Each structure stands twice: as C-alpha cells, then as structure tokens.
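Colleague:
Numbering (the numbering used here), first residue to last: 25 to 285.
1. Within 10 Å of its beta-carbon, does residue 54 have 16 or more other beta-carbons around it, so buried, or fewer, so exposed?
2. Any idea what DSSP makes of residue 86, helix, strand or coil?
3. Can you check which of these residues, 186, 183, 140 and 198, is closest to residue 168 by C-alpha distance?
4. Report all residues from its chain with a CB closer than 6 Å to the CB of residue 106; omit the five preceding and five following residues, and keep chain order.
5. Taking only the alpha-carbon atoms, compute the straight-line gap between residue 166 and residue 160 and give it to the nearest angstrom.
6. DSSP state of residue 91, grouped into three classes?
7. In whole angstroms, what is the alpha-carbon distance linking residue 59 and residue 219?
8. From which residue to which residue does the alpha helix (DSSP H) around residue 211 run?
9. Between residue 43 and residue 102, is the Cβ-Cβ spacing less than 8 Å?
10. Which residues mark the beginning and the end of the beta strand (DSSP E) in which residue 26 is found?
11. Can you check DSSP and say which residues form a bridge with residue 174?
12. Given the structure, does residue 73 come close to the ligand HEM, in the sense that its CB is under 7 Å from one of the ligand's heavy atoms?
13. If you count every other CB in all the chains shown that lies within 10 Å of the CB of residue 134, and 16 or more means buried, which is it?
14. Return the residue from the list 45, 128, 34 and 50 that minimises the CA-CA distance to residue 87.
15. Closest to residue 173 by C-alpha separation, out of 45, 252, 137 and 162, would be which residue?
16. Mapping the DSSP letters down to three states, classify residue 251 as helix, strand or coil.
17. Expressed to the nearest angstrom, what Euclidean distance is found between the alpha-carbon atoms of residue 239 and residue 90?
18. Would you mind working out which of 253, 190 and 182 sits nearest residue 52, comparing C-alpha positions?
19. Beta-carbon within less than 6 Å of residue 113's beta-carbon, same chain only, minus the 5 sequence neighbours each way: which residues are those?
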C-alpha cells in the first residue's frame, strides 16, 4: 500500500445527517487526548467576543458562520472528510466519479494532516470547522509544537511508500523524520511558462495534486517507489524529473511540470 499525505482545505461543506463527531471512531486513536483538548479550547474561544474570535480564526464579519461551526463542533452532523473538504485539490480528484475499486483504494491510501484532528483518514467522519494550521489558540500556542512530535511519529511508523502532497503549513505539523526519508517523496508541481523556467502557481499546484491523487486511486497497483510515481505522474504532466536527495535524511523529490490549466 501507499500512504498519501494531503492538506485539508480552507473551504468546507456542511455535512447532512444525524451522525455526530465521535473521536473514538477516528483513525489513530492515540491522538484523541490531544484532539479532545484542542476541540474543547476551540469551542471555548469561539464562544468569546466575536471581534477577538475573528482575529484568532482569521475571518471577517461576513464569515461569522465559521464561528458557529466551531461552536457546534460536538453537535453538528459529520460526513467523510473527503466530502467535507472542498477546494481546487479535492475538486480535481472528482471523487464522485471514481469506480468502486478506485474509491476503496482512495480511502485506504489517503490521509489528511488537519490542524484540528491531527492525522485522519479521508474516510473518517468529521464536521465542517474553521481552524487553520497557522492558527494560535491562547492556551494551546503553536500548532507545530502541539502536533509535530505525535504526527511525525505516526508517519514514521508506516512501512509504506509515502507521497507527501501537503502544503508547507501542514508539512510543519508533522515533519518527515530522517529515518524514513528514503521511502518518502515530496512532489513539486510547477507550471510551464511562455518564457523562462517553470514556476509554482497555486491553482495549478493544487489541481495537479488532485489529478495525481485520482490517477493513484485508479491505478490497479499501489505505487511503492519514486520511479513508479514518476511514470504515473507523466500521465498528468508534460514532463517529470526525479530529484535525488542532496544528503542523507532528506526525502526524494519529483518535479512535475504541467501546462496552463
């Protein structure tokens, strides 16, 4: 199997139904004490003066529905994380059109590093919420310090090939430990420019990562090496290049060059 690490999305869709958040039902139950601590503090903060809450959450008055979401974390309906997270990356996966076999593989291989829940499976049921990786709660402090040791340890315990598609903020919440770097690849998505060298462009970066996740789900076999990933990535790119680690303890790199999307 392959372990694919995804970022969450800032945009989220409210779940519909009666199933509420149950920490005991989430993957990686060893994180539940921290999840419980963080949720309790976020709900408490969300109940405070709205100007202060907006400042902490990075929202405006027009986004006060986000505050309501955080206030109702324990009572709101839940849905699989892949349904709650919306945005360019998740839209590009086109999850609703995956075959049953591809969907099963997608749910087995993909994990989200979340500011609120730590490390979860895309199949775990969560509510919509507002809480970013760079948020700072008064009694919690830096989320990097709060999560990094636990998430890094969980990732390092995997004996699978790891494809790290996280953005910088969420990579900091669970850095790759040097001891497993040889089994990890960090793709870098770049867009072909009319002139000059390719550049990282946010929309193309997210969309291509989503297309790559879809290709991985549709592949009949799990990818277990950087060369296999390069072959698969070539289906969604105009050029790919494997980047060897410059020194021990660093993961593999994979430059994926795409046309304008």
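In this text, a Cβ means the ideal position worked out from N, Cα and C, and glycines have one as well. This one's a predicted model, so the numbers in the text were calculated from it and none came from an experiment.
Modeller: Short version:
1. Looking at its Cβ environment, which holds fewer than 16 other Cβ atoms inside 10 Å, residue 54 is exposed.
2. Residue state, collapsed to three classes: helix.
3. The candidate whose alpha carbon is nearest that of residue 168 is 198.
4. Non-local C-beta neighbours of residue 106 in its own chain, meaning closer than 6 Å and more than five positions away in sequence, comprise 119 and 146, ordered along the chain.
5. One C-alpha to the other measures close to 6 Å.
6. For residue 91, the secondary structure class from DSSP, reduced to helix, strand or coil, is helix.
7. Taking the straight line joining both Cα atoms gives about 47 Å.
8. Annotation: residue 211 is outside any alpha helix (DSSP H); the continuous beta strand (DSSP E) that includes it extends over 208-215.
9. Going by C-beta atoms, residue 43 is nearer than 8 Å to residue 102.
10. For residue 26, the enclosing beta strand (DSSP E) stretches over residues 26-30.
11. DSSP lists no partner for residue 174.
12. Only the bare structure without any ligand can be found here, which leaves the ligand HEM out of the picture.
13. Counting Cβ neighbours within 10 Å, residue 134 comes out buried, since at least 16 surround it.
14. When 45, 128, 34 and 50 are compared, the shortest CA-CA separation from residue 87 is found for 34.
15. That would be 137, whose Cα lies nearest to the Cα of residue 173.
16. Correct three-state label for residue 251: helix.
17. If you take the alpha carbons of residue 239 and residue 90, they lie about 33 Å apart.
18. Among 253, 190 and 182, the Cα nearest to that of residue 52 is on 182.
19. Cβ neighbours of residue 113 beyond the five flanking positions: 230, 233 and 234.
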